[in-house]
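Visitor: The structure under discussion is supplied below as structure tokens; questions concerning it will follow.
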Amino acid sequence: MRPKGFLQGPARAFRPAGLCVLAGLFWLAGASEPGRLAHAQNGPRASESPSGARDSAPRWQSAAAQRGQALYAERCAACHAVDSNDAGPKHRGVLGRRAGTVPDFEYSPAMRRSQLVWTRSQLDAWLRDPEALVPGQAMDVSVPDARARHDLIAYLATLR
Ligand code: HEC
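Once you know that position 44 of the sequence shown is 44 in UniProt numbering, the rest is easy, because the numbers rise by one and skip nothing.
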């Protein structure tokens, strides 16, 4: 415990902001190797590319999206690809898309009827428990770990 009156006046006002910055730095440090940390701080954000151009493969991705890409290769690529249908539908453009609408992919009737739109929170619910979100669906895979889901969704969001 700190003694009462430890931070007074203007210093006190800055304290919460300082804590946020610190927390952010710890998060970054935990999320990336030192080399990437520097990159993350100095590099442009994906949404701030100078030309405003949308690259199909962004030159800069968040650390979360990079982890998500590795997870995707491990856990999703057996059935999914970015640009072609496989056992599962292709994923490019999935964020913001209506569920069950990739042309030439044979979805379960449950999925076609679902009327879902793949927002981040719907994707999270889907990956956590597909059957709870769309009973009768045909994807027999779930991702119980919240951080893994977050990273996967960060990656899916880059597939524009
Ligand atoms: C065993 C094969 C398999 C694996 C592995 C798999 N999926 Fe699927 N996925 C499917 C199938 C099949 C569907 C279509 C489900 C339906 O029609 O009910 C699907 C559908 C989806 C959809 C809905 C797409 C749309 O167009 O509506 C998303 C999003 C998705 N999968 C994400 C993932 C992610 C992310 C992973 C990795 C964690 C993953 N899937 C792993 C088979 C798989």
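Glycine is no exception: its CB is placed at the ideal position from the N, C-alpha and C atoms.
Computed from a predicted model, the values in this text were never measured in an experiment.
1) Can you list, in chain order, the stretches of the alpha helix (DSSP H) that have 4 or more residues and sit fully within the UniProt domain "Cytochrome c" (63 to 160)?
2) Quick check: residue 152 and residue 82, are their CB atoms within less than 8 Å of each other?
3) Does the segment 138 to 145 come close enough to the segment 114 to 123 to have 3 or more Cβ pairs within less than 8 Å?
4) Just mark residue 76 as buried or exposed, buried being the case when its beta carbon has 16 or more other beta carbons within 10 Å.
5) With distances taken between CB atoms, is the gap from residue 134 to residue 110 smaller than 8 Å?
6) Between the C-alpha atoms of residue 94 and residue 113, what's the straight-line distance to the nearest angstrom?
7) Less than 6 Å between C-beta atoms, sequence neighbours within five positions excluded: which residues of the same chain meet that for residue 97?
8) By a C-beta neighbour count over all protein chains shown, 10 Å radius and 16 as the cutoff for buried, is residue 147 buried or exposed?
9) With 16 as the cutoff for other CB atoms within 10 Å, does residue 62 come out buried or exposed?
10) Suppose the cutoff is 7 Å on Cβ atoms and the five residues either side in sequence are ignored; what does the same chain contact list for residue 100 look like?
11) Are residue 79 and residue 87 touching if we call contact CB-CB under 8 Å?
12) Have a look at residue 149 and residue 130 and give me their C-alpha separation to the nearest angstrom.
13) For residue 85 and residue 105, I'd like the C-alpha separation in whole angstroms.
14) Taking only heavy atoms of the ligand HEC into account, decide whether any of them is closer than 7 Å to the Cβ of residue 128.
15) Just the C-alpha distance for residue 64 and residue 155, rounded to the nearest angstrom, thanks.
Guide: On the basis of the data shown:
1) 63 to 75, 109 to 113, 120 to 128, 130 to 133, 146 to 156
2) Translated into positions along the sequence shown, residue 152 becomes position 152. Translated into positions along the sequence shown, residue 82 becomes position 82. No; because the gap between Cβ atoms is not below 8 Å, this pair is not in contact.
3) no
4) In the sequence shown, the residue the question calls residue 76 occupies position 76. So residue 76 counts as buried.
5) The count along the sequence shown starts at 1 and reaches residue 134 at position 134. The count along the sequence shown starts at 1 and reaches residue 110 at position 110. Yes; because the gap between Cβ atoms is below 8 Å, this pair is in contact.
6) Locating residue 94 in the sequence shown gives position 94, counting from the first residue. Locating residue 113 in the sequence shown gives position 113, counting from the first residue. One C-alpha to the other measures close to 17 Å.
7) For the purposes of this step, residue 97 is taken as residue 97 along the sequence shown, with counting starting at 1. 118.
8) Within the sequence shown, the letter at position 147 stands for residue 147. With fewer than 16 other Cβ atoms within 10 Å, it is exposed.
9) Against the sequence shown, residue 62 aligns to sequence position 62. The residue in question, residue 62, is buried, as its Cβ has 16 or more Cβ neighbours within 10 Å.
10) As a working mapping, residue 100 is identified with position 100 in the sequence shown. So the list reads 107, 111, 112, 114, once near-sequence residues are dropped.
11) What you label residue 79 is simply residue 79 of the sequence shown in a count that begins at 1. What you label residue 87 is simply residue 87 of the sequence shown in a count that begins at 1. Contact: yes.
12) Stepping through the sequence shown from its first residue, residue 149 is reached at position 149. Stepping through the sequence shown from its first residue, residue 130 is reached at position 130. Cα-Cα distance, rounded: 13 Å.
13) Within the sequence shown, the letter at position 85 stands for residue 85. Within the sequence shown, the letter at position 105 stands for residue 105. Spanning the two alpha carbons is a distance of roughly 7 Å.
14) As a position in the sequence shown, residue 128 is number 128, starting the count at 1. Answer for residue 128: no, Cβ out of range of the ligand HEC.
15) Within the sequence shown, the letter at position 64 stands for residue 64. Within the sequence shown, the letter at position 155 stands for residue 155. Going from the Cα of residue 64 to the Cα of residue 155 covers about 7 Å.
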